[in-house]
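Counted the way the working numbering counts, the sequence shown spans residues 4 to 335. Structure, as structure tokens:
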Amino acid sequence: MMWRVLDMIIYLKQYCRVWYGLLALILFMCFMGCSDNKDSSSYIMLNDDTLGKVKIHIAQFYQNRKAAISLTFDDGMRCHAMVAAPALEERGLRGTFFVYGRNILPTRSENDYTISQTEIRYMTERGHEISNHTFNHIKMTNASEDSIRRDLAKNDSLIELWTGKRPVTFAFPYNARNDMSIRVAKEGRVGVRTFETGFGGNVCHSTYEDMVNWAEDKIKKMSWGVAMLHGINEGYDGWEDPEPFFLFLDYLKEKESELWVETFRDVCAYREEANAAKLHATLVDGVLKGYAECKLDVSLFNHPLTLVITTSKQEVILKDIMPNHNFQFVLK
Ligand SMILES: [Zn+2]
């Protein structure tokens, strides 16, 4: 009797193992099926009598660049207006400046290290993004939902008053964030900064090589890098000699064809749109027609998307399209 029971247990164990194996196989096939579906839905293959097979998809980054970099500057320091913004502009680049309104005055006296209302207005006019970093530079993991809402709304309204543009992104002071604060901060925005790499002088001790290696890694991984800086030539984490920062900007400019260097707002909006968009297209007699269906709020998400058209001769054509707008291109 005892042996019978043991036999039974061994048999059941083997039986279960087979079922577990089968279950794992089914799950694996589902997973593979899903990822295949994802690929095939992001690419559309079209056939044309004269052009042959044409493949179209929406680029991961604007203008089909390999990776994106956003330079973000925290805490509204005067060196952002006096050093960082002009250095970016000289190279045709733009940055994102996260400011907290508590200390920002209409104009700046000589010994004041904080940016002024006049300076952030001027920077907005020059194409930089001025955005929300709370009004009181509060640690949001220690604050109630109500107080966070009030604080963010106050800073949004003041920045809008000072610059003429309402912020649509956000960066957490001290990078302190939890599920609640992320949820609240995301309301009415294209996105919030939830990952970043700090660069600077007297705290981060970043060299030119550190920053270039970081950017090269983004190109290799075809991903989005968000740099967080504070001081440039003075203040918290500034460099005694900010040469590495200027050289890094030169490097970014040189890599323009591979790297999309753009504000946090624009890269964030592009990525959300590209992920959400569903492409519809037809190709008849060399004429490509279609539209990218996107259900996101158009008042926030209105960055043009890059359509990548690969012909049968492997020629790559890039076209800007607007989500939910019909496009038509003659390919032959
Ligand atoms: Zn801060």
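Each residue gets a CB set at the ideal place from its N, CA and C atoms; glycine is no exception. Note that the structure is a prediction, hence the values are computed from the model and not measured.
From this set, the options, which residue's C-alpha is nearest residue i's C-alpha?
i       : options                               : result
Asp-269 : Ser-160, Pro-170, Thr-53 and Lys-58   : Pro-170
Tyr-239 : Gly-201, Arg-152 and Glu-163          : Gly-201
Glu-275 : Gln-63, Asp-51, Leu-49 and Thr-53     : Gln-63
Ser-150 : Ala-188, Ala-284, Lys-322 and Lys-223 : Ala-188
Gly-191 : Asp-300, Arg-68, Ile-312 and Tyr-254  : Asp-300
Met-183 : Lys-56, Asn-145, Ala-218 and Asn-216  : Asn-145
Cys-271 : Lys-58, Thr-172, Phe-249 and Leu-164  : Thr-172
Arg-124 : Asp-323, Val-86 and Glu-163           : Glu-163
Ser-226 : Ser-209, Asn-236 and Glu-261          : Glu-261
Met-214 : Tyr-254, Pro-176 and Ile-185          : Tyr-254
Val-86  : Trp-242, Lys-157 and Glu-259          : Trp-242
Lys-157 : Pro-176, Lys-142 and Thr-137          : Thr-137
Thr-166 : Leu-250, Ile-72 and Gln-120           : Gln-120
Lys-58  : Asn-327, Val-333 and Gln-317          : Gln-317
Thr-212 : Phe-249, Ala-88 and Ser-73            : Just to set this straight, residue 212 is Glu in the shown sequence, not Thr. Here the closest residue by C-alpha is Phe-249.
Ile-185 : Lys-142, Ala-218 and Glu-219          : Lys-142
Glu-259 : Ala-88, Leu-286, Glu-219 and Asn-181  : Glu-219
Trp-217 : Asn-50, Asn-327 and Ser-73            : Ser-73
Ala-277 : Leu-49, Ser-112 and Asn-327           : Asn-327
Since residue i and residue j should fall inside the 8 Å C-beta cutoff, what is the C-beta to C-beta distance between them, to a whole number of angstroms?
i       : j       : result
Lys-221 : Ala-70  : 4 Å
Lys-256 : Leu-96  : 7 Å
Lys-223 : Gly-289 : Contact doesn't hold; Cβ gap of about 37 Å is too wide.
His-140 : Arg-94  : Not confirmed; about 30 Å, so no contact.
Asn-178 : Leu-155 : Not confirmed; about 16 Å, so no contact.
Ile-61  : Ala-284 : Not a contact, Cβ separation roughly 11 Å.
Got a sec? Which residues, its chain only, sit under 7 Å from residue i by beta carbon, not counting five neighbours each side?
i       : result
Glu-92  : Arg-129
Ala-84  : Ile-118, Glu-122 and Met-126
Leu-252 : Ala-90, Leu-91, Arg-94 and Leu-96
Ser-209 : Phe-202, Gly-203 and Pro-247
Ala-279 : Cys-297, Lys-298 and Leu-299
Can you give me the Cβ contacts of residue i inside the same chain, cut-off strictly under 8 Å, excluding the 5 residues immediately before and after it?
i       : result
Thr-75  : Gly-98, Thr-99, Phe-100, Phe-101, Ala-174, Arg-196, Glu-199, Val-229, Ala-230, Met-231, Leu-232 and Phe-267
Asp-42  : Annotation note: pLDDT 40 at Asp-42 (below 50); position unreliable, coordinate value reported separately. Excluding positions up to five away in sequence, the list is empty.
Gln-66  : Trp-263, Thr-309 and Leu-321
Val-319 : Asn-67, Val-311, Ile-312 and Thr-313
Asn-329 : Lys-292, Gly-293 and Tyr-294
Leu-303 : Val-171, Gly-191, Arg-192, Val-193 and Ala-272
Asp-52  : Asp-288
Lys-281 : Ser-44, Ala-295, Glu-296 and Cys-297
Asp-323 : Pro-307, Leu-308, Thr-309 and Leu-310
Leu-161 : Gly-104, Ile-107 and Phe-138
Near residue i, which residues of its chain fall below 6 Å by C-beta distance, leaving aside the five closest residues on each side in sequence?
i       : result
Gln-331 : Lys-292
Tyr-273 : Tyr-65 and His-306
Glu-132 : Thr-99, Thr-266 and Arg-268
Val-206 : Asp-240
Asp-244 : none
Met-416 : This structure cannot speak to residue 416, because the chain is shown only from 4 to 335.
Lys-168 : Thr-127
Ser-237 : Rather than Ser, the amino acid found at residue 237 in this sequence is Glu. The residues are Cys-82.
_By C-beta, the residues closer than 5 Å to any heavy atom of ligand 1, given in chain order_ = Cβ atoms closer than 5 Å to ligand 1 belong to Asp-77, Asp-78 and Pro-176.
*Can we say the stretch 75 to 84 touches the stretch 285 to 294, given the rule of at least three CB pairs closer than 8 Å?*
no
_Could you check whether the stretch 107 to 122 touches the stretch 140 to 154, counting it as contact only if at least three pairs of C-beta atoms, one from each stretch, sit closer than 8 Å?_
Output reads no: the stretch 140 to 154 does not touch the stretch 107 to 122.
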